[in-house]
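Since the structure comes first, as structure tokens, the remarks are kept for the end.
There are 2 protein chains.
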Amino acid sequence: MPAKLPLLDSLYAARARDAMPTLKGAAQADQSPLLSLTYGLADPDLFPRDELAAATAAVLADDAPDALNYGQSFAGLTEQVVGRLRAQGVEAEPENILVGYGSSQILALLPEVFIDRGDTVIIEGPSFMGAVRRFVMSGANLVTVPTDHEGMDVDALEVTLRDLAARGVRPKFIYTIPTFHNPSGVTMSLARRQRLVSLAAEYGVLVVEDDAYGELRFRGDDLPTLASLDAEGWVVRVCTYSKILAPGVRVGWAYARPEIIERLNMFKHEGDSGPFLTRVIARYAAEGRLEAHIAQLREHYRQKCDVMIEAIAREFPREVQADRPDGGFFVWCKLPHGMGATALVDRAAREGVSFLPGVNCYANGQGDDAIRLAFSFLSADQIQEGVARIGKAMRSM
Amino acid sequence: MPAKLPLLDSLYAARARDAMPTLKGAAQADQSPLLSLTYGLADPDLFPRDELAAATAAVLADDAPDALNYGQSFAGLTEQVVGRLRAQGVEAEPENILVGYGSSQILALLPEVFIDRGDTVIIEGPSFMGAVRRFVMSGANLVTVPTDHEGMDVDALEVTLRDLAARGVRPKFIYTIPTFHNPSGVTMSLARRQRLVSLAAEYGVLVVEDDAYGELRFRGDDLPTLASLDAEGWVVRVCTYSKILAPGVRVGWAYARPEIIERLNMFKHEGDSGPFLTRVIARYAAEGRLEAHIAQLREHYRQKCDVMIEAIAREFPREVQADRPDGGFFVWCKLPHGMGATALVDRAAREGVSFLPGVNCYANGQGDDAIRLAFSFLSADQIQEGVARIGKAMRSM
């Protein structure tokens, strides 16, 4: 092949000419011998390896003709999702559920169905940039609403919605992570949940409730999901097996009103999750195994979170503010005044430790005053060592 | 939830307002007790169930931490693809390869990267509508070039390219299935392959070579792929493990020049094929197992094809023209003058047999003079019975 194909560049679609670089899979980053607190990887010690092997063997022994041929996601998995939702008091039917390749396929389908170039999407600051970048690539204008210790600032949201309406702009959806927020760890209060859902209905705007971490509660009582507070059906709740089972199985799901599910389904150009792994998960999850596994995960991640919080109290300057989350994978640390997160990344790298600087969690350039530490992946000893090294880097600045 | 959400319809993106219905997975169709010759499903008797179970168990025993966490497609699988290509005399490097969720993800990425609304794509008539619909959904204008017993009519292609160029239209790509065509079963001659590749270079148009069936040759010698005839790099070759291993594993791949692979990769919004099943396939395929399996498939499908061709000769009116394909999954039958394919579908349903009417294989309304019969899925006995029933329906018309 010649080094450069003449005229190839002029064949690209407009959207592909200046495409943003891919968000690479997290696992391949950090090849260096750093202690990485950067990514929300699952703890590999907790993968139910033997049970998944047994489930796979059983599916291949009993259902190979269907599991290995062309076909859609296994209907039995949808039924399990419906059953779990009903057990949580949610009215759910199979037509409320869309199974996809992880929540990432669902989050990529949402802009396909709802975003024309120039449409407005409301996000939280900070937020999960993996999702937000997909909205940007579809041509959305982002409006960032701030968050605090109770989650999204719903007063600010109301002002934003009112201002946009005054300018004739109706946002397509509000993207929020109300429970064990990524990156902030915060859980939105019940009062704000109710207000958010009621504002969405008032302004006729959808709410995308990213609930990747909701089942990983360490302490306190479950709060109702936005979807369960929503009598009219403005909420699309996005969930995943990545955090409660294994990211590698690539299966997530959405709950929404049937016409939204149907429309999302129409845009699954890239195909279905397929009949095989969806059967494996259903087989694994039967007989209460998934619930028992989640209980084990909660205890395990609670311990690792506590180890991190205690290490932070011991190793970081007192001016660092780090709230103990009630669940999820992350601790968000506000840095002392004048200490920049990106500068700290460089300093910490010299100590052999990495984490996510806050600027990577905002779409508007904010965030150099904070860092995100993941306690999900490393062992308790490694977490302590990593936090100690970050503390050393902080004190050297 | 209220039956209808006010204002929801006005939230949809333009592309989602009049979206075409999804192409449903083939397996769920034909729930009735019909003998179905409709879909190109793989023969479940040939799934290497035990070997896949062993490969899965081995991956989970040895590599669970990587296989089950976040991560990209397994690099070892890409290396296997590269190795197989090199064994076929193709210069290939890992950066020439993109692994995706079946060829369907690759075929969905192509319009994302190359099609702006109103762009032109050249297709064959007949063609594989699963791919063509994706091009239509991205806003492409289709131009159909006819085919005959040697594949795409390259004289007609040249006229089309010249006419389009005269009107200032440069098509983005030519979509072709040169080997064991779906639906026609035809294999493009070497002379036409050379001419097609040279026309593509002359007019600066990409060629998408859908090579889903190329490894399933029953008789005759392999012809060079378009990609291997293409010194400049205008060809994107799309392949899949669906036909040579199992559709349910949902893994396919593309071979193209690195800048095209890179660009396609940027648009994998819906995520990567993941680290698990790509490892399972690589583990299964090691030590020559895949080559041995393909040899077995070729023999098995050859026998079923022969059964179908013999049954057609015995059961169909003499006026039906059905060529014996050299590979693949399908026999294409030209109906006697005056016999409509859609009318025959209805008549055949009453006999308890189904197949694909030719109109489903054209984007321009042609095709009521032909039907596609798949010999891949049913057993030899069922094929004979199905063909006999279609013959009965034909004679009753």
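First to last, the protein sequences are chains A and V. Each residue of the first sequence is one higher than the one before, counting from 25 in this note's numbering. Each residue of the second sequence is one higher than the one before, counting from 25 in this note's numbering. All C-beta atoms in this analysis are idealised placements derived from N, C-alpha and C, irrespective of residue type, glycine included.
- For Pro195 of chain A, no alpha helix (DSSP H) encloses it, and the DSSP letter there is neither H nor E.
- Within chain V, the residues whose beta carbon sits less than 8 Å from that of Arg73 of chain A are Leu84, Ala85, Ala88 and Leu92, listed in sequence order.
- For Gly351 of chain V, the closest of V:Leu31, V:Ala40, V:Gly64 and V:Ala91 by C-alpha to C-alpha distance is V:Gly64.
- Straight across, the Cα-Cα distance linking Val221 of chain A with Ile147 of chain A is about 15 Å.
- Counting C-beta atoms within 10 angstroms of its own C-beta, Arg281 of chain A has 16 or more neighbours from the protein chains shown and is therefore classed as buried.
- Taken through DSSP and simplified to helix, strand or coil, Ile139 of chain V comes out as coil.
- Counting of Cβ neighbours within 10 angstroms places Pro30 of chain V among the exposed residues, the total staying below 16.
- Of all residues in the stretch 315–341 of chain V, none is placed with a Cβ closer than 8 Å to any Cβ belonging to chain A.
- Chain A places no beta carbon closer than 8 Å to that of Leu223 of chain V, leaving this residue out of the contacts.
- Scanning the stretch 47–104 of chain A from its first residue to its last, the whole alpha helix (DSSP H) runs of 4-plus residues come out as 73–91.
- Here the alpha carbon of Thr249 of chain A sits roughly 14 Å from the alpha carbon of Glu256 of chain A.
- Nearest to Gly391 of chain V by C-alpha distance, out of V:Glu226, V:Gly362 and V:Val377, is V:Gly362.
- The straight-line gap separating the alpha-carbon atoms of Glu103 of chain V and Met25 of chain V is approximately 51 Å.
- Residue pairing by DSSP puts Gln345 of chain A in a beta bridge opposite A:Lys358.
- By the Cβ test, the stretch 77–85 of chain V is in contact with the stretch 304–318 of chain V, since at least three Cβ pairs between them sit closer than 8 Å.
- Leu230 of chain V has V:Phe197 as its beta-bridge partners, per DSSP.
- Residue range Ile121 to Gly124 is occupied by the beta strand (DSSP E) that includes Ile121 of chain V.
- Look at the stretch 207–284 of chain V and you find these whole runs of alpha helix (DSSP H), each 4 residues long or longer: 214–227 and 250–253.
- Under DSSP, Leu380 of chain A shares a beta bridge with A:Arg396.
- The beta carbon of Gly364 of chain V sits no closer than 8 Å to any beta carbon of chain A.
- The three-state reading of DSSP puts Thr171 of chain A in strand, counting E and B together.
- Close partners of Gln112 of chain A in chain V (Cβ separation under 8 Å) are lacking, with about 16 Å as the shortest Cβ gap.
- Distance from the Cα of Leu214 of chain V is smallest, within the candidate group V:Glu174, V:Gly238 and V:Val160, for V:Glu174.
- Think of a sphere of 7 Å around the beta carbon of Glu256 of chain V: the chain A residues whose beta carbon falls inside it are Met25, Pro26 and Leu29, in chain order.
- For Glu311 of chain V, no CB of chain A lies under 8 Å from its own CB, so it is not counted at the interface with that chain.
- For Gly149 of chain A, the enclosing beta strand (DSSP E) begins and ends at Thr144 to Gly149.
- Closer than 8 Å to the CB of Val137 of chain V there is at least one CB belonging to chain A.
- Taking the beta carbon of Leu214 of chain V as reference, no residue of chain A falls within 9 Å; the closest one sits roughly 21 Å away.
- Three or more beta-carbon pairs drawn from the stretch 261–277 of chain A and the stretch 122–136 of chain A are found closer than 8 Å, and the two stretches are therefore classed as touching.
- Only exposed fits Val183 of chain V, as fewer than 16 other CB atoms lie within 10 angstroms of its CB.
- Residue state for Met176 of chain V is assigned as strand, using DSSP reduced to three classes.
- For Gly351 of chain A, the secondary structure class from DSSP, reduced to helix, strand or coil, is strand.
- DSSP, reduced to helix, strand and coil, places Asn388 of chain A outside both helices and strands of the structure shown, so it counts as coil.
- Pro150 of chain V and Ile395 of chain V have their C-alpha atoms spaced approximately 11 Å apart.
- Residues of the same chain with a CB within less than 8 Å of the CB of Ala372 of chain V, apart from the 5 flanking positions on each side, are Ser378, Phe379, Arg413, Ile414 and Ala417 in chain order.
- Under the Cβ distance rule, Met161 of chain V counts among the residues neighbouring chain A, one pair being separated by less than 8 Å.
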